[in-house]
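So the sequence shown is numbered by this note's numbering: it starts at 1426 and just counts up by one.
Ideal Cβ placement from N, Cα and C applies to all residues, glycine included.
Please read all numbers here as calculations on a predicted model, not as lab measurements.
Here the structure is laid out as structure tokens; the discussion comes afterwards.
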Amino acid sequence: MTPASPPGALSYAALDRFQEILKPPFRRALNSGRVDLLPLPDLGDQRQLPLQEALARGSALFDTTGGRLIIPLIHKGRPLALLSAHGVSAEQLPAPVHPFLASLVEAALDLVRLRLAAETDPLTGLANEQALDEALTTAISRLAPSRRRGRLALDAEGDGQGLCLLAFEPQGLAAWQERHGRRPAEALRRGLAGLALTAAPEALLAARAGEVYFLLLPGRAEAAQQAAAALSIGAAELEPEEAVGQPWSGRLSLGAASLSARSDGPAAEAAALFKARALRAQQAAARAGLEELLWFDHIPDQAGRLLEVMPLDRVLINLGRVHGLSEGERFGVSAAGDESGQTKAEVVLVILGEEESLAEVVQLSQPTVLLRPGDVLRRLAPQAQVQANGGRQRTLSLGGVELPVVLEEVTGLLEHRSLARAFQALAASGQGFAAALMRVEGLEAMAEVSGRLGAEALMSGLATAVREAFGAQAVLGRHSPEALAVLLPGQNAGQARDSALQAVARLQERGGRPVRVGVAAHPCPGFSAEQTLDNAGKALVHAGFLEPYSVVIFDAVSLNVSGDDLFNQGRLSEAVAEYEKALGLEPNEANVLNSLGVCHGQLGQMERAREYFERAQAAAPQDYMAHYNLGLALMGLGRAAEAEACLQRSLELSPEHADALYQLGRLAQSQGRSKEALDYFQRAAVQPGCKKAVHRRLGEVLAAEGQPAKAEEAFKEAVKANPADAASLCGLAVLYLDRRANLEIALSLARRAHQREPLALRYIRVLARSLLALGRLPEALWLLRDAAEEHPQEPHLALLLGQAEEGLSHPEEARQHYGRALSLEPNLEEARAGLARLEAQA
């Protein structure tokens, strides 16, 4: 999948992408447990003679030294790559077998070619939209399900779980093509495809659908931000040969959406919603003229614009239901390009559309300044809402007040603004009441696949079941596209929960989409009446961690869940405030005490963290996580012996706790107790959900213990678990270099490690060693000279410089570098040996 080759043409990259199609026929035919795909060899490298000979012969060759069968992959006379089959004997290769192998190669390459053609955009060589949809569905199905409740750990890894979909489109390319012609425009499109691949080498897929390019990225927001920055820089500099002298704007509109967990609904629906959100973000960025990356969740705050100024103080805006808005939301209007923040007017959404909405001007801050299309919208905090026109108008008696309200046409629910007014009246009445929020899981995703009418019909069915269960006194309204709210004057939380259980039982009997419910009531210690609906929302989030059709009453655990969400967003101060509210409801809740400890630990306040962990340990002495987190805090304070005791106690309570095994292994490794470290890491590595770093640590200990074969397997597992683990990439490269095998692969691994952490000295040294081993001396010299300028006191850089100069037949320069290496490190025997060689040659 590279634009450097003709679209759909076989290449090493294509074979690498479809290894699951290419390799199995050879495994079965040769009864080989291991088949490796190898790139074409460097013709000047004497160590790759068996590969060169196989290519020269054009047929399979048995490499007696390496104990492997080498099979060249040649398509229409063009060599693409080689396969290395292990566990095959020379006796398996009598002369009659060679034509069979040639036919097998041709058949395997045809399978790859057909799959590639079906999934390739013919112009750019990227994946097409069909392949993108399949990749999205597959990637989402492999995500972990929505998180279940658990305890935060002080060393929680930012493991990158989740997906980001980045969409970008060149701006003005169609008009540019009209002026300069089709061929230069197609060259630019191919250039953008190449740019997409280089900007995000770790992308799971790069695709093109129409004029929009997509990058499916593993991990969280950082990956998309970095790719977007590289794309913007690269696009500004892009000038393919066919377009020389015909510059284009170089502007891209970039949008993205993220997904952290698998939902309960079908993966195909989630994939459709995921793609739609990334596209909407990109389209919103284009309409707003933004040049930076726009996330879907930020559209209302960053990309809202006036589309049209209409009679009767109405305006059309470019935001709607698909952007997460509700009727009654308020926006300030400012002139485009005005950085003073001065507001021209205030508008309120009165008719909510799918992608565009009608808003009403409720206040003119500057009556002499006209509103214009393109003016910028800024979302304001909610307040009392204005009356809407349209819908079915009714009068509702609530809290001693007669309220004019509007009902939705399809569902009969109070529309969002009317619900807000009803809730405000109830909260101001001074009487007790309960509120419930009921959410249909995946309703928005379903609407992307089946249409809005089907989704609204489901919501209408939910409303009917809720009315039957809650009775005539209940006030029902639309809270969000997927949720309705129930206001229950004079009821407490227990009564609301019982009615909600009846409603979900009826819905469960009917089948269909799962429903969850959050309940809260007023009075509640420490909370005002106006916070009741928010509290029900937190209980609903809490229910999301439980089984479908769960009903949860707001409590300290709900606040802990809310705090965890803030924590996961990096909003630590807000998370601390939420946890402290939870302590107000339940002062000895171990989960909350633990969460506060984790927050303070993340904020670098380790002593404060230790205090909270000790309180959590006292509140729940049989909870292994309390001992585990206290052990981590003590490790952070340098109290290794106490830390080890806590970790050991955690392991006694949970003998298969992978993280405790891992941390005990780290302690043993840091203290030189290699045998103990090896035991801990090996035990941790076989546990489900072990830290990705376990395999890397295991590889390091095995290498130190003189077990390179097992170390290699551990490092491979580490790279498989985390392809961006530079330390594991480097460790694997060092093993290959030490035994002078797989040198091209060692170079590739070293390059990847260096790209991820270009300033790390160890990765620079290993990359230089790889270049020297392959005879790429000028490249190694360039790398080492730059590094030596930054680190003049590093003896190993001087040593490698000496080896590079010696290889280039520059004895005087080599002698100087070897001498400098010994002056910095007198016991560096390799430098002493280098000087001896030079003296012998003199």
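Threshold first: 4 residues or longer. Then list the alpha helix (DSSP H) segments lying entirely within the region 2173 to 2259, N to C.
2186 to 2198, 2202 to 2215, 2220 to 2232, 2236 to 2249
To which residues does DSSP link Ala1859 through a beta bridge?
On the sequence shown, position 434 is the one that residue 1859 refers to. In the DSSP output, where bridge partners are listed per residue, Ala1859 has Leu1913, Ala1946.
Could you check whether Ala1728 and Ala1703 sit closer than 8 Å to each other, using their CB atoms as the reference points?
Against the sequence shown, residue 1703 aligns to sequence position 278. Against the sequence shown, residue 1728 aligns to sequence position 303. No, the Cβ-Cβ distance between Ala1703 and Ala1728 is not below 8 Å.
Determine the DSSP secondary structure at Glu1840, reduced to helix, strand or coil.
Position 415 of the sequence shown, counted from the start, is the residue given in the question as residue 1840. Here Glu1840 sits in coil by DSSP.
Residue span of the alpha helix (DSSP H) that contains Ser1998, given as start and end:
The residue you call residue 1998 lines up with position 573 of the sequence shown. Ser1998 -> alpha helix (DSSP H) spans 1997 to 2010.
Starting from Leu1541, follow its DSSP beta bridges and name the residues at the other end.
Residue 1541 sits at position 116 when you count from the first residue of the sequence shown. The partner list for Leu1541 (beta bridge, DSSP) is empty, contrary to what the question assumes.
Please classify Ser2234 as buried or exposed, where buried requires at least 16 other C-beta atoms within 10 Å of its C-beta.
Locating residue 2234 in the sequence shown gives position 809, where the first residue counts as 1. Flag for Ser2234 reads exposed.
Go ahead and label Pro1609 buried or exposed: buried means 16 or more other beta carbons lie within 10 angstroms of its beta carbon, across all protein chains shown.
Within the sequence shown, residue 1609 is the residue found at index 184, counting from 1. With 16 or more other Cβ atoms within 10 Å, it is buried.
Between Leu1796 and Val1740, is the Cβ-Cβ spacing less than 8 Å?
The residue labelled residue 1796 in the question sits at position 371 within the sequence shown. The residue labelled residue 1740 in the question sits at position 315 within the sequence shown. For Leu1796 and Val1740, yes; Cβs fall inside 8 Å.
Just to check my reading of the structure: Leu1440 and Leu1462 have Cβ atoms closer than 8 Å, yes? What is that Cβ distance to the nearest angstrom?
Counting from one through the sequence shown, the residue named residue 1440 turns up at place 15. Counting from one through the sequence shown, the residue named residue 1462 turns up at place 37. With 8 Å as the limit, Leu1440 and Leu1462 qualify as a contact, their Cβ atoms being about 6 Å apart.
Helix, strand or coil for Arg1676, going by three-state DSSP, please let me know.
On the sequence shown, position 251 is the one that residue 1676 refers to. It is coil, neither helix nor strand.
Proximity of Arg1938 and Leu1862 at Cβ, strictly below 8 Å:
Residue 1938 sits at position 513 when you count from the first residue of the sequence shown. Residue 1862 sits at position 437 when you count from the first residue of the sequence shown. No, the Cβ-Cβ distance between Arg1938 and Leu1862 is not below 8 Å.
Let me know if Leu1563 comes out buried or exposed under the rule of 16 or more other beta-carbons within 10 Å of its beta-carbon.
Here residue 1563 refers to the residue found at position 138 when the sequence shown is read from its first residue. Correcting the residue identity first, residue 1563 is Thr in this sequence and not Leu. Looking at its Cβ environment, which holds fewer than 16 other Cβ atoms inside 10 Å, Thr1563 is exposed.
Per-residue burial, Thr1490 [other beta carbons within 10 Å of its own, 16 or more giving buried]:
As a first step, residue 1490 must be located in the sequence shown, where it is residue number 65. Exposed, since its Cβ has fewer than 16 Cβ neighbours within 10 Å.
Proximity of Gln1933 and Tyr1974 at Cβ, strictly below 8 Å
Locating residue 1933 in the sequence shown gives position 508, counting from the first residue. Locating residue 1974 in the sequence shown gives position 549, counting from the first residue. Yes.
Hey, would you say Phe1721 sits closer than 8 Å to Arg1746, going by beta carbons?
What you label residue 1721 is simply residue 296 of the sequence shown in a count that begins at 1. What you label residue 1746 is simply residue 321 of the sequence shown in a count that begins at 1. No, these two residues do not count as a Cβ contact at 8 Å.
Proximity of Leu1476 and Leu1507 at Cβ, strictly below 8 Å
Start at 1 with the first residue of the sequence shown, and residue 1476 comes out as number 51. Start at 1 with the first residue of the sequence shown, and residue 1507 comes out as number 82. Yes.
Straight-line Cα distance separating Val1775 from Met1401:
Because the chain here runs from 1426 to 2267, residue 1401 falls outside it and cannot be looked at.
Every unbroken beta strand (DSSP E) inside the region 1872 to 1908 [3 residues or more]:
1900 to 1905
Contact belief for Ala1847 with Leu1828 at Cβ below 8 Å, rounded distance in angstroms:
Numbered from its first residue, the sequence shown carries residue 1847 at position 422. Numbered from its first residue, the sequence shown carries residue 1828 at position 403. About 6 Å; that satisfies the 8 Å criterion.
What residue does the beta strand (DSSP E) around Ala1661 start on, and which one ends it?
To locate residue 1661, count along the sequence shown from 1; it is residue 236. Here Ala1661 belongs to no beta strand (DSSP E); instead the alpha helix (DSSP H) covers 1646 to 1662.
Gln1473 versus Gly1680: straight-line alpha-carbon distance, rounded:
Position 48 of the sequence shown holds residue 1473. Position 255 of the sequence shown holds residue 1680. Roughly 46 Å separates the two Cα atoms.
Based on the DSSP secondary-structure assignment, which residues constitute the bridge partners of Leu1507?
What you label residue 1507 is simply residue 82 of the sequence shown in a count that begins at 1. Its beta-bridge partners are Leu1463, Pro1497.
Cβ contact (3+ pairs, closer than 8 Å) linking the region 2210 to 2228 and the region 2183 to 2201:
yes
Label Phe1525 either buried or exposed according to how many other C-beta atoms from any shown protein chain fall within 10 Å of its C-beta, with 16 as the threshold for buried.
Along the sequence shown, one-based indexing puts residue 1525 at 100. Per the 10 Å Cβ criterion, exposed.
If I follow the unbroken beta strand (DSSP E) through Leu1783, where does it start and stop?
Reading the sequence shown from its first residue, position 358 is the one you call residue 1783. Per DSSP, Leu1783 belongs to the beta strand (DSSP E) from 1782 to 1789.
What do you get for Lys2116, buried or exposed, if any count of 16 or more other CB atoms within 10 angstroms of its CB means buried?
Numbered from its first residue, the sequence shown carries residue 2116 at position 691. Buried, since its Cβ has 16 or more Cβ neighbours within 10 Å.
Residue from Phe1992, Ala1632, Ala1954, Ala2128 whose Cα sits closest to the Cα of Leu1548
As a first step, residue 1548 must be located in the sequence shown, where it is residue number 123. Selected option, being the one with the closest Cα: Ala1632.
So, is Asp1535 buried or exposed, given that buried needs 16 or more other C-beta atoms within 10 angstroms?
As a first step, residue 1535 is located in the sequence shown; it is residue number 110 there, counting from the start. Label assigned to Asp1535: exposed.
Report the option in Glu2036, His2025, Ala1682, Asn2016 whose CA atom is closest to the CA atom of Ala2045.
On the sequence shown, residue 2045 is found 620 positions in, with the first residue counted as 1. Of the listed residues, the one whose Cα sits closest to Ala2045 is Asn2016.
Classify Arg2247 as buried or exposed, calling it buried when 16 or more other Cβ atoms lie within 10 Å of its own Cβ.
Taking the sequence shown and counting its residues from 1, the one referred to as residue 2247 is at position 822. Looking at the sequence itself, residue 2247 is Leu, so the reference to Arg does not match. Classification of Leu2247: buried, given that the 10 Å Cβ count is 16 or more.
My understanding is that Ala1945 touches Phe1979, with C-beta atoms under 8 Å, so please give their C-beta distance in whole angstroms.
Numbered from 1 along the sequence shown, position 520 holds the residue referred to as residue 1945. Numbered from 1 along the sequence shown, position 554 holds the residue referred to as residue 1979. Sure, about 4 Å apart at Cβ, within 8 Å.
Name the residue from Glu1907, Val1891, Ser1905, Phe1952 whose alpha carbon lies nearest to the alpha carbon of Arg1922.
Position 497 of the sequence shown holds residue 1922. That would be Val1891, whose Cα lies nearest to the Cα of Arg1922.
Per DSSP, what are the beta-bridge partners of Ile1742 in this structure?
Translated into positions along the sequence shown, residue 1742 becomes position 317. DSSP, once it has assigned bridges, lists Leu1731, Ser1782 as partnering Ile1742.
Coil, strand or helix - Tyr1638 by DSSP
Looking up residue 1638 in the sequence shown gives position 213. Tyr1638: strand per DSSP, three-state reduction.
How many Å lie between Glu1662 and Gly1675 at the Cα?
Position 237 of the sequence shown, counted from the first residue, corresponds to residue 1662. Position 250 of the sequence shown, counted from the first residue, corresponds to residue 1675. Between Glu1662 and Gly1675, the C-alpha separation is close to 7 Å.
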